[in-house]
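Counting in full-length UniProt numbering, the first sequence tops out at residue 934, every number present. Notes follow the structure.
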Amino acid sequence: MTSDAPVFGKGCHLHLIDGSAFIFRAYHALPPLTRKSDGLPVGAVAGFCNMLWKYVTDEHGSDAPTHAAVIFDHSAKTFRNEIYDLYKANRPELPEDLRPQFPLTRHATRAFNIACIEIEGYEADDIIATLACQARKAGGSATIISSDKDLMQLVGDGVDMLDPIKARLIGPDEVREKFGVGPDRVVDVQALAGDSVDNVPGAPGIGIKTAAQLIEEYGDLETLLARADEIKQPKRRQTLIDHAEQIRVSKRLVQLDCDTPLDFTLESLEVRDPEPEALLGFLAEMEFRTLTARVAERLGAEAPAVEAAPPSHAPAAPDLPGIDAAGYERVSDMAALTAWITAIREAGHVAIDTETTGLDEMQAGIVGISLSVRPGAACYVPVGHVAGSGDLFGSSALVEGQLPLDEVLAALKPVLEDPAILKIGQNLKYDWKILARHGIRMAPLADTMLMSYALNAGTHNHGMDELAERYLGHKCIPIKELIGSGKAQIGFAQVAIDKAVPYAAEDAEVTLRLWQHFAPMLPAEKVTTVYETLERPLVPVLAEMEMAGIRVDGDTLKRMSNAFAQKMAQLEDEIHGLAGEKFNVGSPKQLGEILFDKMGLAGGKTGKTGAYSTSADVLEDLAVEHDLAARVLDWRQVSKLKSTYTDALQGHVNPDTGRVHTSYSIAGAQTGRLASTDPNLQNIPVRSEDGRRIREAFVAAPGYRLVSLDYSQIELRILAHVADIPALKQAFRDGIDIHAMTASQMFGVPVEGMDPMIRRQAKAINFGVIYGISGFGLSRNLRIPRAEAQAFIDTYFERFPEIRAYMDATVAGAKEDGAVRTLFGRRINTPGINQSGPAAGGARRAAINAPIQGAAADIIRRAMIRMPAAIAHLPARMLLQVHDELVFEVEEGAVEDLIAAARRVMEAAAEPAVRLSVPLVVDAGSGANWAEAH
DNA sequence: TTGTTCACG
DNA sequence: GACGTACGTGAACAAA
């Protein structure tokens, strides 16, 4: 406490600056600047400093402060969340380039020599309220520099507000203008009207106007609620009676707390002049050239040099020290780890990577954790390295000089879960799941793989080694140098620690550098929204789905496998008999020789290898006359079902959970679709009756049901919207059979009583259009002459000319920009579009298809991201995604509620970003297993 | 490791 | 006039 400062009292004037509001305004008002030397995002800091500088150089007239402070929100969770858990729950996640700037704005405030205040568990508004009350009580006055309406309840009796944008003073009259009541009744009005921004519920259907009128009439909120039955309007009366409790909760939410515990006095906030050295030092460190010069001039000090450096997105930033794997630190004791944690808090971000005993996140153990806070500063914390693989039983004695895993995790947990510290990773879903199994749920996240995907989909893949080489000009240590390959491969736990340190720490540093490299490119390439709304938020959602897994009945699979084995043996005998010799039915080469050389059937060779094609297409033609081909087709189907599904799936059942846990790759497909691996649960059979039965093995836990919801015709609906095809849009609005409508338009036949063959042809054309149709492709698909197929297509384009226009425009755009975009802004690069020759056709079709397939992928991503909050109140979990289908597991009694909630989310998933001109329709089903639910 | 085949949307 | 052709995936197996 400062004992020498004069006592705060009459004649003293306190300025309370709403720091968080300053930051957000600065962030949104300025382009995303980055520090030249290393790419650190500093746009909000720059704006914040400019605003503070403007503030301190302002004369303030008669309002000049004797005391001042900048007040910040400490973290997202406050005591209000205990009153109402959904308070501020609908706030969009912070842009990731803003979060690391928070600590810098605190530094900036101190550099300006202004008191910097934040208190855990309290909002800035409560601290401001407390200070304003204390100033008033002490006989002084206060001005709150903010335009936040929530602070207006404090106005009056020596307290006023200053709107820093409009430079307008807000007194009791202005508050009355805004709320229709005086400052002392503002909370009553807010409690009734609610606030959608902060998610304060209020009374449904009552806005500020009505609320003010009611409060004016009845005096205050409690009187109003007590006398609610006197209200004349029946609906309004009922609303107040029904929601009385909710309104009281709302009042507690909006009522600011004037009793925030403070560990400082008003006196300590006395205005001080900035110290030139500290302020200029900070500004120069941030590399704010103009502001540094301006401040230096005003303060009569010499401006420190602001280092000039080339922009950070040049490949292999030459101003940075090279990546030096030899210089990394091995962390072996708590003191060293604590020092790193301090450095992380200081930086506001950390790049993290975990090394594990295996690649299956559901089973792998942690071997070590690497961290990096800036280029040149990275470490590796080994925790699970074991002595060499010398003895036969795989000695598992831990190597000396490692911290215990639980101590390391306990120390890191507060940092990894701190909402003010950004966790940066490459494919963070992996590390997220590993840490989640140890009770740590990392947030917030930045993922360099996803940044690259948003920027570079279609151009190259997004693995770290490739990104490091392309964008940092750095070749990473290959993992093979540590663990070997093939039969002699060892686990990471067996790698010597002194070899693991450079490898692991390098991964963290490379990730950090990639983040710095990509961060400014997202806004420059206009993919920030894609990254922020479709990529980054999906990580924890998918991680939870994958950890949930789906129950698979191993016994059922085993029975099926046995039945399939029998059938295969039987078919094999038949095939050998028909061929007149024994051969490997699974060998296309041997089969081709039997069919085309020995039996002399008609059939061609394929290009590269010169081998005969024996694909289903070819065999189906032969099967008309030759039983051998028909039997081989049967054998292949059974063999596929057995080897890929009934056999393989049994091996994927996790012994701990009894469930199958797939892994989704977010950045695998070019179009924005997910891909499922280990095992692939997006291609479980459904089209054939035998195959479909495999879905009976995917079951709900006892007491639960599986629920499947899928979008009906989503790609055609998107086509109708983006290509703006009136006939198609109207058909979707009317809810009529789209393929029958197409057939009717093309062939002039009525929808009623239509020949199923005609409808089937129209359906094939509708799909073909999405894929970039050709006469050849359609003729093969429908098994009709090519001329006939071409005639269909011509008719189709005549009836729906907008489709050709759309295709031409899409291809032209791809040639112009080297990329196409979905409705939601996802960019898919089309590097091959200007090729000539046979490849050109493929690139053209891919460019036509990508915006449609991609938009559908965007829509279901949006639904998935919103889903956890939308079903949080139900005993249900989202388990699987199959491109246009979501599968849930839900308690028996809640099936209908789940379907209603999930359908609502899915059907509205495009909004508000895109207002589709066709409805999205979702079909739903439920059952004890996936076959029943689908 | 590469190519073929086939499961899905 | 010829060239090749539906779009997007992953896994298993044979063959090199």
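Heads up, the beta-carbon is just placed ideally off N, CA and C, and yes, glycines get one too.
If you reduce the DSSP assignment to three classes, tell me which class residue i lands in.
i: A115; result: strand
i: S485; result: coil
i: Q570; result: helix
i: M1; result: Bear in mind that a pLDDT of 45 at M1, under 50, signals an unreliable position, so the model cannot answer this.
i: P851; result: helix
i: S676; result: strand
i: Y430; result: helix
i: S312; result: In this prediction, S312 scores a pLDDT of 37, lower than 50, which makes its location untrustworthy; no coordinate-derived value is stated.
i: N199; result: coil
i: N781; result: helix
i: Y87; result: coil
i: E896; result: helix
i: L398; result: strand
i: V495; result: coil
According to DSSP, residue i sits in a beta bridge with which residue or residues?
i: I71; result: D18, I117
i: Y704; result: E891
i: E355; result: G368
i: L880; result: V887
i: I170; result: M161
i: G156; result: V159
i: H462; result: Its beta-bridge partners do not exist; DSSP assigns none.
i: Y612; result: K605
i: T556; result: Answer is none; T556 lacks a bridge partner.
i: L709; result: L886, A924
i: T34; result: P41
Which two residues bound the contiguous alpha helix (DSSP H) that contains residue i?
i: E546; result: 538-548
i: N829; result: Element bounds for N829: not the alpha helix (DSSP H) but the beta strand (DSSP E), 827-829.
i: L409; result: 405-416
i: D808; result: 801-817
i: V618; result: 616-623
i: A293; result: 289-299
i: M599; result: First-last for M599: undefined, no H or E at that position.
i: L719; result: 714-722
Just to confirm, is the Cβ distance from residue i to residue j under 8 Å?
i: H60; j: E120; result: no
i: V373; j: A347; result: yes
i: L778; j: I793; result: yes
i: G140; j: C12; result: yes
i: Y704; j: E544; result: no
i: P382; j: I497; result: yes
i: R821; j: G658; result: no
i: L151; j: L162; result: no
i: A500; j: G368; result: yes
i: A843; j: G854; result: no
i: I725; j: F800; result: yes
i: G39; j: P520; result: yes
i: Y380; j: R330; result: yes
i: I257; j: T66; result: According to the sequence shown, residue 257 is Asp rather than Ile. Contact flag unset, no.
What is the residue span of the beta strand (DSSP E) that residue i lies within?
i: K423; result: 422-425
i: S926; result: 922-927
i: I145; result: 141-145
i: P382; result: 377-382
i: S665; result: 663-665
i: A762; result: Here A762 belongs to no beta strand (DSSP E); instead the alpha helix (DSSP H) covers 756-771.
i: D63; result: Per DSSP, D63 belongs to no beta strand (DSSP E) and is neither H nor E.
Could you check if residue i belongs to the surroundings of the ligand SAM, using beta carbon to heavy atom distance under 7 Å?
i: G735; result: The model depicted lacks the ligand SAM and carries no ligand whatsoever.
>> Check whether the region 781-799 and the region 700-710 touch, using three or more Cβ-Cβ pairs below 8 Å as the test.
In response: Counting Cβ pairs under 8 Å, fewer than three are found: no touch.
> For the region 410-425 against the region 442-456, are there 3 or more C-beta pairs whose distance is under 8 Å?
Replying inline: Touching, yes, given that three or more Cβ pairs across the two stretches are closer than 8 Å.
>> Taking 8 Å as the cut-off, does the region 658-676 touch the region 633-641 (at least 3 CB pairs, one atom from each stretch)?
In response: Proximity of the region 633-641 to the region 658-676 falls short of the contact definition, fewer than three beta-carbon pairs being nearer than 8 Å.
>> With a threshold of 8 Å, are at least 3 pairs of Cβ atoms found where one atom belongs to the region 490-509 and the other to the region 342-361?
In response: Contact between the region 490-509 and the region 342-361 is present, because at least three Cβ pairs lie under 8 Å.
> Between the region 163-182 and the region 211-224, do three or more beta carbon pairs fall short of 8 Å?
Replying inline: Contact check between the region 163-182 and the region 211-224: three or more CB pairs, one atom from each, fall below 8 Å, which counts as touching.
> Using 8 Å as the Cβ pair cut-off and three pairs as the minimum, do the region 557-565 and the region 372-387 touch?
Replying inline: No, the region 557-565 is not in contact with the region 372-387.
>> Does the region 131-145 come into contact with the region 25-40, if we say contact requires no fewer than three beta-carbon pairs (one atom in each stretch) closer than 8 Å?
In response: Output reads no: the region 25-40 does not touch the region 131-145.
>> Within 8 Å, do at least three Cβ pairs link the region 592-602 to the region 567-574?
In response: Between the region 567-574 and the region 592-602 there are fewer than three C-beta pairs closer than 8 Å, too few to call the two in contact.
>> Between the region 667-681 and the region 616-632, can you find at least three pairs of beta-carbon atoms closer than 8 Å?
In response: The region 616-632 makes no contact with the region 667-681; the number of CB pairs closer than 8 Å stays below 3.
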